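The structure under discussion appears below in the form of structure tokens.
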Amino acid sequence: MFKWIAGGLAAFFSIRYLSRLQRASTNITSRIRVRIHKINLTGIELKAEVQLQNPNPISLNIQHPFVKILFKDKLLGSSTIENQVIEIPENSQKNFELQIQSAGWLTLIQILGTKVVSDIRSGAPIQLKIQTQVTTRVNGLPYEKMDNIIVQL
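Quick note on the UniProt record's numbering: the sequence shown kicks off at 1 and runs consecutively.
Written as structure tokens, this is what we have:
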């Protein structure tokens with residue numbers, strides 16, 4: 001009889017803990033900012049600043065974020081994949097600064113158009129409406145967020 005009671009209590013607390021972890025992973029929020037870092041012969045180098053916030057009363061294990069930059073659903077560039085798990089303590093946040101190497105100039109011309117690429121190369125002021133996609137895993141559960149951002153040069 002004692003085994004059944006102990007087993008029931010263990011199952012109850014395990015289910016309660018797992019449901020708190022799942023709820024915590026859905027409460028996480030992310031913010032992203034993108035800026036043009038460098039313009040060189042190979043293409044455009046962007047910097048993405050990702051801020052992951054944990055407003056929960058428990059700490060979370062988060063996979064290092066992966067960022068894709070899209071323009072009209074076509075890939076402009078992405079960050080590198082890092083196999084690293086980071087712990088974010090309760091009620092805190094972590095900031096990540098990621099380098100995003102874009103495709104070469106030929107691909108950029110095909111995606112953005114010749115006018116925009118020539119404006120970028122000449123340094124003329126432009127505004128690009130891009131989409132960002134942040135992908136990570138929170139306590140083993142997938143997390144993905146899309147944002148629309150305007151990048152100015």
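Every residue, glycine too, gets a C-beta built ideally from N, C-alpha and C.
Since the model is a prediction, treat every value here as computed from it, not as a measurement.
Could you check whether F66 and I130 sit closer than 9 angstroms to each other, using their CB atoms as the reference points? For I130 and F66, no; Cβs fall outside 9 angstroms.
Three-way DSSP call (helix, strand, coil) for D119 in this model: Collapsing the DSSP output to three states places D119 in a helix.
Between which two residues does the beta strand (DSSP E) harbouring T29 extend? Per DSSP, the continuous beta strand (DSSP E) segment holding T29 begins and ends at 29-40.
CB I69 to CB R121, shorter than 9 angstroms? In this structure, R121 does not lie closer than 9 angstroms to I69 by Cβ.
Going by C-alpha distance, which of V116, T29, I88 is nearest I126? When each option's Cα is compared against that of I126, the closest is V116.
For V151, count neighbouring C-beta atoms within 10 Å of its own C-beta (all shown protein chains included) and say buried if the count is 16 or more, exposed if not. The residue is buried, with at least 16 neighbouring Cβ atoms inside 10 Å.
Going by DSSP, what residue range makes up the alpha helix (DSSP H) through Q127? According to the DSSP assignment, Q127 belongs to no alpha helix (DSSP H) but to the beta strand (DSSP E) extending over 127-138.
Please classify G77 as buried or exposed, where buried requires at least 16 other C-beta atoms within 10 Å of its C-beta. By the neighbour-count rule (16 or more Cβ atoms within 10 Å), G77 is buried.
Residue range of the beta strand (DSSP E) that L75 falls in? Counting along the chain, the beta strand (DSSP E) containing L75 begins and ends at 74-78.
Closest residue to H64 among I100, L106, K94, L75 (Cα-Cα distance): Each of I100, L106, K94, L75 was checked against the Cα of H64, and the nearest Cα belongs to K94.
I'd like to know if T80 contacts chain B, where contact means its C-beta is closer than 9 angstroms to some C-beta of that chain. Although the question refers to chain B, the structure presented lacks it and comprises just one protein chain.
CA-to-CA distance, K74 to S92, given in whole angstroms: Roughly 34 angstroms between the two C-alpha positions.
Cβ-based burial, T132 [other Cβ within 10 Å; buried from 16]: Buried, because 16 or more other Cβ atoms sit within 10 Å of the Cβ of T132.
Would a C-beta distance cut-off of 9 angstroms place E144 and I100 closer than the cut-off? Cβ distance not < 9 angstroms, so E144 and I100 don't count as in contact.
Thinking C-beta only, is G140 closer than 9 angstroms to S102? Inclusion of S102 and G140 in the CB contact set at 9 angstroms is not warranted, their separation being larger than that value.
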